[in-house]
Amino acid sequence: MKKLMMMAATLLMPAGMAFAQTGIGMEKVKKVKQEEVPAIVQFSLHNEFNLSPESGTWSLQYLKSSNGVGKPALFKPVAYTFHQKKDGNKIEIRFSPEGALERSKGIDKTESPVTGK
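Residue 82 in my numbering sits at position 79 of the sequence shown; the count goes up by one each step and never skips.
This is the structure:
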């Protein structure tokens with residue numbers, strides 16, 4: 004009996020750990036259409052880099068968390084990323100959901116005609 008209990012615990016423990024880790028605070032990435040990107044993020048892309056939002060592809064990084072069994076999962080956007088190939092260079096620009104520039108690769112910011120920055 005003792006061996007049976009130990010064997011059952013040994014077999015069920017990894018399964019329980021795997022179940023406990025699924026969906027709890029996991030970051031995921033999903034490709035989205037340009038129409039699904041908030042207007043403030045698209046405006047920031049055009050303002051900061053003088054690029055058209057339609058000229059590339061968008062992806063959404065989001066956090067998925069569950070509130071328990073039988074309750075719907077919560078999805079919280081973390082960042083929107085714009086991808087484009089231009090003149091052989093890969094461009095990647097990441098914005099917060101509020102439209103703030105977080106980082107960019109493969110491109111420099113354009114100078115604003117008003118401020119010169």
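C-beta atoms are modelled at their ideal positions from N, C-alpha and C, and glycine is treated no differently.
If you drop the 5 nearest sequence neighbours on each side, which residues of the same chain put their C-beta closer than 6 Å to that of residue 56? 37, 45, 48
Who are residue 76's beta bridge partners in DSSP? Per DSSP, none; premise fails for residue 76.
For residue 30 and residue 118, the rounded distance between their alpha carbons: Reliability fails at residue 118, whose pLDDT of 47 lies under 50, so the model's placement of it is uncertain and the value that follows must be treated cautiously. Distance between the alpha carbons of residue 118 and residue 30: 37 Å.
Please state if the CB of residue 65 and the CB of residue 78 are separated by a distance shorter than 7 Å. yes
Please confirm if residue 50 has its CB atom under 7 Å from at least one CB of chain C. Checking the listed chains, one finds no chain C in this structure; it contains a single protein chain.
Identity of the residue in 94, 100, 13, 99 nearest residue 107 by Cα: 94
May I ask which residues mark the beginning and end of the alpha helix (DSSP H) holding residue 47? 42 to 52
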